[in-house]
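Take a look at the structure below.
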């Protein structure tokens, strides 16, 4: 049995819901705000709008019509905000305004003197800046790809019914799924799920269909679709993702038990249809989407759900005004849910210091007649009468559950929800029952509104044995509520309980188990598998509480400094050889054998072979760097460097970014200020180029190409590998944003900033080939035997057949003397090296000769370990 009891704090008007000590907010390293993510913002958004055929919106907060300073000030429209459920059809407004920071509340705009109240202000604040009005799967894909490639914060809004703030955030891009209104009745749907197949009527419902709209379809086809009790909630978006309780849960289970198949756009931008019949990781995704939380694994666009026979819902509705009846009412919850019923209650203080309290009770009995329901509630009615409790109203009515209903309209109070799932023992154990009711009474007496729902959504009731990610506590629970001090008492009274994710407390102390129970660790694995970029982020999701799955890679051990104390001959020889491309490839090939090896032809062949399950990991961005060695102020590219044009010509749909001296430093200063001191201290210009390359791969992802390389064809086949390097990776590489390999690379730079006598040794050690080789070996040493695909780094060999890239004149190879500043310096260095090598060789020869001559003078036992023949 599961009773859902909600403890609600009444409206408040100023403070953000996040406590000052809350450290679980996102950081700029995870995702950027749209306004600062890239330079020419207007051009980027215009391009997206063209892709969406004009579906990109830039709306003001709805409350702005109440403010004279607003360009859309409209007193008449302002008045309507206080009588209509405006947030349902508004692209940015949530039902609970506190989630926006109360930055533009609908305001009664006159004070007592008839003048504007100057203390009221309206700003964009916590509202999204841009909204994609999605009417098709294609719109959703475009928005997800844009957010991923630009590293933007992304939220999802349907109707606005989200009590934990997942559907809004300051300055973000939002996907509005409210207009995905498709509906298809499936008279006979068959699915061969594991252990328990389903065969029967079903319906394919768009994510934007609301419960009241679903009732219209239910009446048309004479079916029952299980949905929430609030008619304006989206039936199969966040409600289902969080578990989804219903008036029919004791009979048919939770919302997750209804889902047979789900269409979802994942972080990779692909639309997938997943079900219990899916294989491997797609089946895991289906499991996670059903109860693992909304705005976490993808954007659900449609759901195939069970269509049950049409059923009547008989309701016994009465009020009572005495507190002593509370225990009797909640004790009646056990027999109610055991026969498939649903007990709806709310208790509140009458206020004004009267010490009076009001409780409303509804006993809802699916499939029962008025006579049967009246007979069933008689024991409760008799108990209340024996306590001399006055029942002011008692009615018994019946309705068709799936038929449209007349329900009040208007905005919800601006209140903060909290909840807890109470186990059956909280009602059957006399000690626990007493402490539970004491905690409930204390909350109501303190002025909180208490809403209780008794239901029993067992697996048996759900009629579908394929597991879901919903908190297992749902199957055995009886109570859900939590709010600061009063919630502590409720938690103590309900050991083994949990919390309903969709009506949760963002300050829940044991959030992992309260929200997801034993499913938490598995859900984290699914999150990392399907959203390695961290595209989907919101309160009450795994990333919000645990920190971004991508940010967790910061916990990887930093590569320690490797102090070069080897023989001078070996170290200096390696430095010189590393500047000869062919010899360099031979020396470093051993460091890259640990990862999968591919030829360019293999990549092209695999891409041209039809295959299911391909994800685009790498965004379509080409990075090249030009820092003028001789004149750092001059950012003009030499006229003969035409090689870079070949990549833009063969890849016209890629975004091309050329990083100059100034734009490079600005990027480091904006996004990675902690590196700035090291970056500015580099003595050789190429050190800054090396460091910048690694940070571009980490932050934006894409493909980096040294300017001395050109493109032979389009690079799209290379986008379907999470990370790769060409040969040693020093000239060409590709990666998804925030790949752990590049995170380890960038966070090892500051520990390897030593200067050596040789500029070449300084360069190769601080960020050049020797540095890359060391990090490569360390990264692959810490990977498991069978690493996840998203964490791999593939080695692609250039080979003789240059399919994608080709070397051309121009670029850094023609300006290679910039490593140390001048041709004369390089020649002088080579001369000194030759003299040093000759001296070392002569010294080694002399020492060896002297040692042999000395051994000839020793007794035999000192040579062979004993007396005998030498």
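Numbering (this note's numbering), first residue to last: 1 to 870.
Backbone N, C-alpha and C fix where the C-beta goes; we use that ideal spot for every residue, glycine too.
No experiment lies behind these values; they were computed from the predicted model shown.
In the structure shown, residue 345 adopts extended strand secondary structure according to DSSP, grouped into three states. Every beta strand (DSSP E) stretch that sits fully inside the segment 631-711 and reaches 3 residues is listed by chain position as 655-659, 702-705, 709-711.
Closest option to residue 260, judged by alpha-carbon separation, among 276, 253, 254: 276. Per the coordinates, the alpha-carbon of residue 749 lies some 22 angstroms from the alpha-carbon of residue 722.
Residues 206, 208, 209, 213 of the same chain have their beta carbon placed closer than 8 angstroms to that of residue 181, with the five preceding and five following residues left out of the count.
Counting only runs of at least 3 residues, the segment 89-174 fully encloses the following beta strand (DSSP E) elements, listed from N- to C-terminal order: 130-133, 154-157. In the three-state reduction of the DSSP assignment, residue 176 falls in the strand class, which pools E and B.
In the DSSP assignment, residue 74 falls outside any beta strand (DSSP E), carrying neither H nor E.
With fewer than 16 other Cβ atoms from the protein chains shown falling within 10 Å of its own Cβ, residue 83 counts as exposed. Pairwise C-beta distances place the segment 236-254 in contact with the segment 327-342, as three or more of them are shorter than 8 angstroms. Taking C-beta separations shorter than 7 angstroms and ignoring five residues to either side along the sequence, the partners of residue 433 in its chain run 426, 427, following chain order.
171 is the residue among 148, 88, 171 whose C-alpha sits nearest the C-alpha of residue 125. When C-alpha distances from residue 87 are compared across 67, 460, 178, the shortest belongs to 178.
In this structure, DSSP gives residue 429 a state outside helix and strand, which the three-state scheme calls coil. A check of alpha carbon separations from residue 389 across 326, 345, 431, 337 identifies 326 as the nearest. Under the DSSP assignment, residue 183 falls outside any alpha helix (DSSP H), being part of the beta strand (DSSP E) whose first and last residues are 183-191. For residue 281, there is no enclosing beta strand (DSSP E); the residue is found in the alpha helix (DSSP H) stretching over 280-289. Taking all protein chains in view, the Cβ of residue 436 is crowded by 16 or more other Cβ atoms within 10 Å, so the residue is classified as buried.
For the 8 angstroms CB-CB criterion, residue 304 and residue 204 form a contact. Less than 8 angstroms separates the beta-carbon of residue 519 from that of residue 469. In this structure, the alpha-carbon of residue 282 lies about 33 angstroms from that of residue 89.
The continuous alpha helix (DSSP H) containing residue 461 extends over residues 459-462. With contacts defined by Cβ atoms closer than 8 angstroms, residue 704 and residue 743 do not form a contacting pair. Assignment of residue 493 by DSSP, reduced to helix, strand and coil, places it in the helix class. Bridge pairing for residue 794: 724 [DSSP]. A Cβ-Cβ separation of about 5 angstroms places residue 475 in contact with residue 458 under the 8 angstroms criterion. Secondary structure at residue 57: strand, using DSSP grouped into helix, strand and coil.
In terms of CA proximity to residue 746, 695 leads the group 199, 103, 695. For the pair residue 300 and residue 264, the CB atoms are nearer than the 8 angstroms cut-off. In this model, residue 78 and residue 702 are separated by some 46 angstroms (Cα to Cα).
With a contact defined as Cβ atoms closer than 8 angstroms, residue 663 and residue 806 miss out at about 27 angstroms. Taking a 10 Å sphere around the C-beta of residue 785, we find fewer than 16 other C-beta atoms and assign the residue as exposed. Between residue 615 and residue 268, the gap from beta carbon to beta carbon is short of 8 angstroms. Beta bridge pairing from DSSP links residue 198 with 191.
The C-beta of residue 508 has 16 or more other C-beta atoms within 10 Å across all chains shown, which makes the residue buried. Our two residues, residue 516 and residue 289, have alpha carbons roughly 13 angstroms apart in a direct line.
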